[in-house]
Structure formats: structure tokens, C-alpha cells
Amino acid sequence: MDKSLYIVIPCYNEEKVLPITAPMFLEKLNSLIEQGLCGENSKVVFVNDGSKDKTWDIIQELAKENPKYAGVTLSRNRGHQNALLGGLMWAKDRCDVTISIDCDGQDDINRMDEMMRHYHDGCHVVYGVRSKRETDTFFKRATAEGFYKFMSLMGADTVFNHADYRLMSKEALEGLSQFKEVNLFLRGLVPMVGYKSTSVYYERFERIAGESHYPFSKMLNLALNGITSLSVKPLRYITGLGFAMSAFSLLAIVWAVVSHFVGATVSGWASLICVMCFLGGIQLFCLGIIGEYIGKIYSETKRRPRYIIEKTTEDK
Ligand code: UDP
Ligand code: MG
41 MDKSLYIVIP CYNEEKVLPI TAPMFLEKLN SLIEQGLCGE NSKVVFVNDG SKDKTWDIIQ
101 ELAKENPKYA GVTLSRNRGH QNALLGGLMW AKDRCDVTIS IDCDGQDDIN RMDEMMRHYH
161 DGCHVVYGVR SKRETDTFFK RATAEGFYKF MSLMGADTVF NHADYRLMSK EALEGLSQFK
221 EVNLFLRGLV PMVGYKSTSV YYERFERIAG ESHYPFSKML NLALNGITSL SVKPLRYITG
281 LGFAMSAFSL LAIVWAVVSH FVGATVSGWA SLICVMCFLG GIQLFCLGII GEYIGKIYSE
341 TKRRPRYIIE KTTEDK
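In our numbering, the protein residues as written are 41 to 356.
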């Protein structure tokens, strides 16, 4: 089989991890080649997302050592999603199929064999899905699962417990390249591309070294970005909330008029303040959500580039 596979790996400040995981990826690639699941011209591609440490130096060294390693460096840090897209788009013009994976060894590389088999059976997208989260802390697990549930409630449909470990064929990547949005949320976009797809299941390990770049605040950011990029349901909820609040105030007016005639209107300052604060809070919250969408429109209309490739290890 001579289909070329590029394993695309975004890296940000990973000098501690790369020397350990890079040989693991290479070994995996060689075993895939031996099994005839991909061709000799396959590669492991690292995308350096504007790291501030020695990550790019390590990648360049690796590429010098073995032509099966390649590297792409972005002009500055653009975040995981943009870095991954940059790598995938670079790979798309050079290979037949890609597998994206994080560089920290948390995702089980041994599922790649199965992914490639599905590809040869005609699947264009294969999602790597975590079957368990036992290695994550309770807090990480609870927030991550809450994240998927909340996302689907808000109308942003994604594959449950799937991060960005996935196989995509050249055709699916061509489809993805037609989505021009600047606010990237690949997990939500890939299902929209379509094509025949399936999932493989694996257990997620602990990070081999270094620290996670996705603390709670960043995850909240990703969720908010995912929801506002994929769905306008929150705006509809606001309309519903506004409607319910006006119905409620109508009742409150009737109550106020009736109590006036009954003659019990002296005190009531406390309840008035409570209602005012409550309504004020809801209004600010709703304005905030609408503002989020306006912010999105603002950044989308500018059409700024999502990533800029500064150089690659294949440049002469
Ligand atoms: N990453 C990146 N740019 C960033 C942050 C992270 O390319 O700005 C990469 C990072 O090197 C890793 C992957 O994205 O390969 C996932 O990050 P991390 O492991 O920190 O996230 P977690 O697995 O904890 O969700
Ligand atoms: Mg990780």
C-alpha cells in the first residue's frame, strides 16, 4: 500500500516531552509501514506553535537526523486549534491521509493501526474517543464531561469525549479547507464536513512530562468559543427568557394593583430591590451573550489569517 500518512502534532513549549514522545511516534509510523498500512513516504510532522523554549530546535534536530520527521513553525503562538489547522493544511497538499494527535503521549498511539484499517475500508474521518477518564483528576473529569453535555444542550453538537485525536483523509481535509471561519473549533467543524466516518475507543494516559495548557479557565473559553461559533441557540434562549420574564412581570403588576386596592402597600422596599437586582443581572448576562456574538462577527469580518507558517524543515 503506498498511501502516504502524515501524523500531525501541534507542540507548544514541549521541550520536556518531545525527546520522549518523538521516537514513539516514529516507531509507530515504521510499524504501520511494515504492516503495509501506509507507504514509505509517510512522515511525522511537528507544528511548533510559537514556543518560547527549545521546542523548535529539537524539531529541527530530529528532522536532520531522520527524513521521516518534518517540522513546520508558525510565526507566533496561535493556540492549539489554529496550530493544528495550519499543520493539517500543510500536510493536505503533500499526503493522502493525516492523523492528528497531541504530543504529550496522553492519547494511545496504538489505535492508529485500527484507524488506518478503517481508512482502507473507505472511512474518511475516524474519531479517537476516550472510553474512560480514570487517569484524569476528579475535577478535570467532571468539568470535561460537563463541557460536552453543556455544549450539546446549547446546540453545539460534537462527538462525546473526542478531543483532536482523529484521522482525516485528503478529501475530508479539502472539505475542511472550505470552512473559512476565524473562530476555530475543529471538533465541531469536522462533523459538518461530512463523509463516511467512524470511531475508535481508547483509554487516555497521564501526560508523560510537562504541564497541561488547558486549565479550567482555558477550557471554559474553549466551550464558550465552541458554542458561539457553532450555534445561535443561546440567543433563542434569551428570547425565551425575555418572554418568560415579561409574563412574570405582568402577573406582578396585577398583584401590585390588587394589593393597592386591598390597602397593603406600605412596606415592600426589600422585595422591590431584590427584583431590580435580579432583572439587572439577567439583562447584563443577556447583553454579554449578545456581545459575544457581535465580537465573533467583528473578528470574522476582518478575515485575518488563522496562522502564518514562518518556515518548515523542508525549506531549502
Ligand atoms: N498546544 C499548542 N498550542 C497552545 C497550547 C497547546 O499547540 O497554545 C498543544 C500542546 O503542545 C499539546 C496539545 O496542544 O500537544 C494539547 O495541549 P495540552 O496537552 O496542554 O492539553 P490537555 O491535554 O491538557 O487538554
Ligand atoms: Mg494533553
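Ideal placement from N, C-alpha and C gives every residue a C-beta, glycine not left out. None of the values given here were measured: they were computed from a predicted structure.
Quick one: does the C-beta of residue 182 sit closer than 7 Å to a heavy atom of the ligand UDP?
Because no heavy atom of the ligand UDP lies under 7 Å away, the Cβ of residue 182 does not count as near it: no.
What do you reckon, are the CB atoms on residue 97 and residue 248 nearer than 8 Å?
Not closer than 8 Å, so no.
Examine chain C for any beta-carbon lying closer than 8 Å to the beta-carbon of residue 160, and answer yes or no.
Absence of chain C from the displayed structure is noted, only one protein chain being present.
Residue 314 classed as buried or exposed, judged by whether at least 16 other C-beta atoms fall within 10 angstroms:
With a threshold of 16 other beta carbon atoms within 10 Å, residue 314 falls short and is exposed.
Own chain residues within Cβ distance below 7 Å of residue 53, not counting five before or after
Closer than 7 Å at the Cβ level, and outside the excluded window around residue 53, lie 91, 92, 93 and 95.
Could you give the distance in angstroms between the alpha-carbon of residue 255 and the alpha-carbon of residue 186?
If you draw a straight line from the Cα of residue 255 to the Cα of residue 186, it is about 15 Å long.
Considering only heavy atoms of the ligand UDP, does any lie closer than 7 Å to the CB of residue 254?
Answer for residue 254: yes, Cβ within range of the ligand UDP.
Straight-line Cα distance separating residue 288 from residue 129:
Cα-Cα distance, rounded: 52 Å.
Backbone secondary structure at residue 78 - three-state DSSP
The DSSP-derived three-state label of residue 78 is coil.
Would you mind working out which of 50, 279 and 79 sits nearest residue 329, comparing C-alpha positions?
Ranking 50, 279 and 79 by CA distance to the CA of residue 329 puts 279 first.
Between 157, 86, 131 and 50, which has its C-alpha nearest residue 75's C-alpha?
Among 157, 86, 131 and 50, the Cα nearest to that of residue 75 is on 157.
Just to confirm, does residue 46 get its C-beta within under 7 Å of one of the non-hydrogen atoms of the ligand UDP?
No, the Cβ of residue 46 stays beyond 7 Å of every heavy atom of the ligand UDP.
Closest Cα partner of residue 242 within the set 84, 206 and 227
Ranking 84, 206 and 227 by Cα distance to residue 242 puts 206 first.
Quick one: what's got a C-beta closer than 6 Å to residue 86's C-beta in the same chain, skipping five residues either side?
For residue 86, the CB contacts under 6 Å within the same chain, skipping 5 residues up- and downstream, are 49, 51, 99 and 111 in chain order.
Would a C-beta distance cut-off of 8 Å place residue 203 and residue 228 closer than the cut-off?
Going by C-beta atoms, residue 203 is not nearer than 8 Å to residue 228.
Could you tell me if the beta carbon of residue 146 falls within a distance shorter than 7 Å of some heavy atom in the ligand MG?
Result yes, Cβ under 7 Å from the ligand MG.
Pull the bridge partners of residue 114 from the DSSP assignment, please.
For residue 114, which the question treats as bridged, DSSP gives the partners 349.
Which first and last residues belong to the beta strand (DSSP E) in which residue 208 is found?
Taken as a continuous stretch (DSSP letters only), the beta strand (DSSP E) holding residue 208 covers 202 to 209.
Mark residue 268 as exposed unless 16 or more other C-beta atoms lie within 10 angstroms of its C-beta, in which case mark it buried.
Residue 268 is buried by the Cβ-count criterion.
Figure out for me which residue from 151, 221, 57 and 88 has the closest Cα to the Cα of residue 170.
In terms of CA proximity to residue 170, 151 leads the group 151, 221, 57 and 88.
Bridge partners - residue 83, DSSP secondary structure assignment
BP columns for residue 83 point to 46.
Determine the burial state of residue 45: buried for a count of at least 16 other Cβ atoms within 10 Å of its Cβ, exposed for fewer.
Result: buried.
Burial state of residue 106 (16 or more Cβ within 10 Å):
Exposed, since its Cβ has fewer than 16 Cβ neighbours within 10 Å.
For residue 109, list the residues DSSP reports as bridge partners.
Residue 109 pairs with 84.
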